[in-house]
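For reference, the structure discussed in these notes is given below.
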Amino acid sequence: MDLNQLFSLKGKTALVTGGAYGIGFAIAEALAGAGAKIAFNCRTQANLDKALAGYAAKGIDARGYIADVTDEEQVSELVSRIEAELGSVDILVNNAGIIKRIPMTEMSAGEFRQVVDIDLIGPFICAKAVIPGMLKKGHGKIINICSMMSELGRETVSAYAAAKGGLKMLTRNICAEYGEANIQCNGIGPGYIATPQTAPLRERQPDGSRHPFDQFILSKTPAGRWGDPEDLMGPAVFLASDASNFVNGHILYVDGGILAYIGKQP
Numbered sequence: 056m057d058l059n060q061l062f063s064l065k066g067k068t069a070l071v072t073g074g075a076y077g078i079g080f081a082i083a084e085a086l087a088g089a090g091a092k093i094a095f096n097c098r099t100q101a102n103l104d105k106a107l108a109g110y111a112a113k114g115i116d117a118r119g120y121i122a123d124v125t126d127e128e129q130v131s132e133l134v135s136r137i138e139a140e141l142g143s144v145d146i147l148v149n150n151a152g153i154i155k156r157i158p159m160t161e162m163s164a165g166e167f168r169q170v171v172d173i174d175l176i177g178p179f180i181c182a183k184a185v186i187p188g189m190l191k192k193g194h195g196k197i198i199n200i201c202s203m204m205s206e207l208g209r210e211t212v213s214a215y216a217a218a219k220g221g222l223k224m225l226t227r228n229i230c231a232e233y234g235e236a237n238i239q240c241n242g243i244g245p246g247y248i249a250t251p252q253t254a255p256l257r258e259r260q261p262d263g264s265r266h267p268f269d270q271f272i273l274s275k276t277p278a279g280r281w282g283d284p285e286d287l288m289g290p291a292v293f294l295a296s297d298a299s300n301f302v303n304g305h306i307l308y309v310d311g312g313i314l315a316y317i318g319k320q321p
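Every number in our numbering is 55 more than the matching position in the sequence shown, counting from 1.
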């Protein structure tokens, strides 16, 4: 078998939610490099315009749409527009997400629900919207962007950990329910990635020293560094391509080895 063909996404349509920047943008860039047509959504016109300029600078003819992944009607309309303009969705990357770093006893139920709505219910809504088209075609790839918090807990991220743990199980259940229809649903669990979302955790202190959390992550990561969004490109292409046709319900952790490591002895 031709390995280039095995990893090719030529002729495929990919929807990357939250693909305006960071991890979503890098994954969309990778899928486009493998031949896919790219659609993405975000929630504001300003982010949409900035993202479209970023894609154009990379030579990618991406289609951007304003849509809220927590709104079933908006997602249904989004998928319909993509089908009309690019063809039915072959690859869904559920990347849109937020985090609120608030101690649990200080977090309101409304704040907890907001994180769960975007990080867990959003992927459910988006998957539900594209699966009928995948069933009609007889194939499909769904990639859920999970997290280290799909496996681990940490102070101040109760809502995020609950949502990402749930997303891991949603991934497995989509596999169980639709695997026989040749739909593969897998997850990518990024480690600590250098994105705008994590920038405050990497800021240098007034005395020039590293942020305490930055030091903590470096000490827990065998690779000795934060990941880059580009580190997720290869795994994303693999899970979106025919190379992963017998990989289903799996979470691929791209974490520099954190989950394999107990940490340095004090």
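All C-beta atoms in this analysis are idealised placements derived from N, C-alpha and C, irrespective of residue type, glycine included.
Within the segment 251 to 297, ranges of the alpha helix (DSSP H) (whole runs, at least 4 residues): 267 to 275, 288 to 295
Three-state secondary structure assigned by DSSP to Q320: Position 265 of the sequence shown, counting from 1, holds the residue named residue 320. The answer is coil: DSSP assigns Q320 none of H, G, I, E or B.
So what's N150 in DSSP terms, helix, strand or just coil? Translated into the one-based positions of the sequence shown, residue 150 becomes position 95. Reduced to three states, the DSSP call for N150 is coil.
K183 to E232, Cα distance in whole Å? Residue numbering aside, residue 183 sits at position 128 when the sequence shown is read from its first letter. Residue numbering aside, residue 232 sits at position 177 when the sequence shown is read from its first letter. Their Cα atoms are separated by approximately 12 Å.
Residues near D172 by beta carbon distance below 8 Å, same chain, minus five either side: Counting from one through the sequence shown, the residue named residue 172 turns up at place 117. Same-chain partners within the cutoff: T125.
I need the boundaries of the beta strand (DSSP E) containing C230, first residue and last residue. Mapped onto the sequence shown, residue 230 falls at position 175. Element bounds for C230: not the beta strand (DSSP E) but the alpha helix (DSSP H), 213 to 233.
Taking the alpha-carbon positions, what's the I180 to E127 distance? The residue you call residue 180 lines up with position 125 of the sequence shown. The residue you call residue 127 lines up with position 72 of the sequence shown. Those two C-alpha atoms are separated by around 6 Å.
Output yes or no for whether 8 Å exceeds the beta carbon distance between I200 and N149. Residue 200 sits at position 145 when you count from the first residue of the sequence shown. Residue 149 sits at position 94 when you count from the first residue of the sequence shown. Cβ atoms of I200 and N149: closer than 8 Å.
Spatial neighbours of I313 within its chain, please: C-beta separation below 6 Å, excluding the five flanking residues on both sides. Walking along the sequence shown from the start, residue 313 turns up at place 258. Around I313: G246, K275, T276.
Just list the residues that DSSP pairs Q239 with in beta bridges. Indexing the sequence shown from 1 puts residue 239 at position 184. Looking at the DSSP assignment, Q239 forms a beta bridge with K196.
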